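First residue of the sequence shown: 60, per my numbering; consecutive thereafter.
Glycine residues also receive a C-beta, built at the ideal position from the N, C-alpha and C atoms.
It should be emphasised that the depicted structure is a prediction, and the values quoted were computed from it without experimental measurement.
Since the structure comes first, as structure tokens, the remarks are kept for the end.
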Amino acid sequence: MLVIEDDPDTAQMLSDFLAVEGYRVRAVRDSAAADQALASDGIDCVLLDIMLPGGSGFDLCRRVRECSDVPILFLSARGEDADKLRGLALGADDYIVKSATPAEVVARVKAVLRRGRAIQAGRVLRFGPIEIDRRARLVRARGKPVSLTAREFDLLMVFVENPGQVLTHDQLFERIWGSWGDRSAVSVYVRKLREKLEQDPAAPELLATVWGIGYRLDPPEPA
């Protein structure tokens, strides 16, 4: 367990509570030390502050998600909805405001780790006629293999990780492409996914448009 928190009192308190629950905890105080810790083996969960010396927690989360699926929980004094949505769109598994008690933080860490184990156990995800093997990065639609580029697959996984949630163009762009570039790429890649996954791309049933905002993955109703 890695706690990335610049306030030593908060870091110590969280470390103590997590240690009581049997977790081995390492605490670091800035972005550079976090990069070094994350490069080592044995990190199975990350508690991450947003405001860090030497860099933003958002930027750190983006770098981690480029190479790892380790569970990440933001722990921040910033409780605005925009920050929460940004953190989740960047790939965080949860966002906790610092007004939460240490016991609640521990409970939410446990919940995220349980979900992670369930995903690993259920390697193949199914959304109606779509089957996705996360680890092998393979997709089938209506029983037939679908060839996706690396970026198309990554975009699909952002939707899969947030089913039923409206994701804005900016959130999707920042998660996949970063901070700079042509944001019209989002609509281009959504169109490509629809062409490959939807039975009728002109009347999508899986990837819905939320006009003026972005897109939403609509999991099919159980049969």
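Start-to-end residues for the alpha helix (DSSP H) that takes in residue i
i: Lys255; result: Ala244 to Leu256
Per-residue burial, residue i [other beta carbons within 10 Å of its own, 16 or more giving buried]
i: Cys126; result: exposed
i: Ser99; result: exposed
i: Pro281; result: In this prediction, Pro281 has a pLDDT of 47, which is less than 50 and means its spatial position is unreliable; nothing more can be read from the coordinates.
i: Glu211; result: buried
i: Pro263; result: buried
i: Val245; result: buried
i: Ala166; result: exposed
Check whether residue i and residue j have beta carbons under 7 angstroms apart
i: Val87; j: Ala93; result: yes
i: Asp152; j: Ile131; result: yes
i: Leu276; j: Pro188; result: no
i: Leu111; j: Asp65; result: yes
i: Leu283; j: Phe133; result: With the chain covering only 60 through 282, there is no way to say anything about residue 283.
Contact belief for residue i with residue j at Cβ below 8 angstroms, rounded distance in angstroms
i: Leu252; j: Leu215; result: 6 angstroms
Opening and closing residue of the beta strand (DSSP E) in which residue i lies
i: Ala151; result: That residue, Ala151, is in no beta strand (DSSP E); it is neither H nor E in DSSP.
i: Ile189; result: Ile189 to Asp192
i: Ser135; result: Ile131 to Ser135
i: Pro204; result: Lys203 to Val205
i: Ala86; result: Arg85 to Val87
i: Val198; result: Leu197 to Ala200
Heavy atom of the ligand PLP within 6 angstroms of residue i beta-carbon
i: Tyr154; result: As far as ligands go, the structure on display features none, and thus does not contain the ligand PLP.
The segment 135-149 touching the segment 160-167, judged by at least three CB pairs closer than 8 angstroms: no
Three or more C-beta pairs below 8 angstroms linking the segment 251-265 and the segment 193-213: yes
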